[in-house]
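Novice: Before anything else, here's the structure in question.
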């Protein structure tokens, strides 16, 4: 029966050791462009080498569709026209304000609930985080690089295929994938999908097109706190017969 008192005790104790947490959502309007270091892509897609509107949560493919830069891949044979996006390196950026009161707190964490997939996160020009898994939350302390006033977060995301392909091509016996690409971006039997932590349906299925998504696919926020925070709660019950 003592298990029933765990949650109430936590709730009573929390005010004694933790100041209120402040959450600043960073969803909504971002910008996206081809990374300038991807010179082949910037030469082939000059319009997309300049900043265009992006929506977070989302993907670069959704942003390209919304901006009418690619046709709807779910219609006809348009699937082929969007493949280049998954082979390209992209940058997402957003500016946000920080107040003096915010900087007086002990922790200012930048939290991404989902980054797809090989991302490098910079704030005000300083790299804070690199990621390799679309299925988890990423948290980093941004306080050391934040300043009063305008701040910029830049998320650079590499092509999952380009990132992993050299390793896969060198494999003598590569892991089997789901469906071979019909677009020539991956040799038959040399798929990158088994080697990455991202949704496998991105690589094509019998019920949907091949759209290898790149983007900030879950919410983003700044969490501001002091001495302690509750990250996860789990209730455990024992029922006697």
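In our numbering, the protein residues as written are 1058 to 1298.
Note that CB positions come from ideal geometry on N, CA and C, so glycine has one too.
For the beta strand (DSSP E) holding residue 1239, just list the boundary residues, first then last.
Specialist: Looking at the DSSP string, residue 1239 is not in any beta strand (DSSP E), and its letter there is neither H nor E.
Novice: Quick check: what's the CA-CA separation for residue 1190 versus residue 1269?
Specialist: Distance between the alpha carbons of residue 1190 and residue 1269: 14 Å.
Novice: Quick check on DSSP: helix, strand or coil for residue 1127?
Specialist: Coil.
Novice: How would you label residue 1158, buried or exposed, when you count the other beta carbons within 10 angstroms and need 16 or more for buried?
Specialist: The residue in question, residue 1158, is exposed, as its Cβ has fewer than 16 Cβ neighbours within 10 Å.
Novice: Write down every uninterrupted run of the alpha helix (DSSP H) in the region 1230-1273 whose length is 4 residues or greater and which is fully enclosed by it, in chain order.
Specialist: Taking only runs of at least 4 residues, no alpha helix (DSSP H) segment lies wholly in the region 1230-1273.
Novice: I'd like to know whether the C-beta atoms of residue 1145 and residue 1199 end up nearer to each other than 9 Å.
Specialist: Not closer than 9 Å, so no.
Novice: What does residue 1213 pair with, by DSSP beta-bridge criteria?
Specialist: Answer by DSSP bridge pairing, in chain order: 1148, 1177.
Novice: Would you report the Cα separation of residue 1153 and residue 1202, rounded to the nearest angstrom?
Specialist: Their Cα atoms are separated by approximately 13 Å.
Novice: Distance, Cα to Cα, residue 1272 vs residue 1083?
Specialist: Between residue 1272 and residue 1083, the C-alpha separation is close to 14 Å.
Novice: Bridge partners for residue 1153 per DSSP, in chain order?
Specialist: 1208, per the DSSP bridge assignment.
Novice: Per the DSSP calculation, residue 1281 is bridged to which residue(s)?
Specialist: DSSP output for residue 1281 lists 1079, 1165 as bridge partner(s).
Novice: Below 8 Å on the Cβ atoms is my contact criterion, and I expect residue 1087 with residue 1111 to pass it. Report the Cβ-Cβ distance as a whole number of Å.
Specialist: Correct: roughly 4 Å between the Cβ atoms.
Novice: I believe residue 1235 touches residue 1260 by the beta-carbon criterion, under 8 Å. Please report the beta-carbon distance rounded to the nearest angstrom.
Specialist: The Cβ separation is near 6 Å, so the contact holds.
Novice: May I have a chain-ordered list of the alpha helix (DSSP H) segments no shorter than 4 residues that lie completely inside the region 1092-1116?
Specialist: As far as the region 1092-1116 is concerned, its whole alpha helix (DSSP H) runs of at least 4 residues are 1096-1101.
Novice: For residue 1109, which option in 1128, 1091, 1095 has the closest C-alpha, if you only look at C-alpha atoms?
Specialist: Residue 1091 is the option with its Cα nearest to residue 1109.
Novice: List the whole-angstrom C-beta distance separating residue 1155 from residue 1178, where the pair is believed to meet the contact cut-off of C-beta under 8 Å.
Specialist: No, residue 1155 and residue 1178 are not in contact; Cβ-Cβ is about 16 Å, not under 8 Å.
Novice: DSSP puts residue 1197 in a beta bridge; with which residues?
Specialist: Answer is 1167.
Novice: Suppose the cutoff is 7 Å on Cβ atoms and the five residues either side in sequence are ignored; what does the same chain contact list for residue 1265 look like?
Specialist: Hits under 7 Å: 1258.
Novice: Who are the Cβ neighbours of residue 1128 in its own chain at under 6 Å, not counting the five residues just before and after it?
Specialist: Excluding positions up to five away in sequence, the list reads 1135, 1138.
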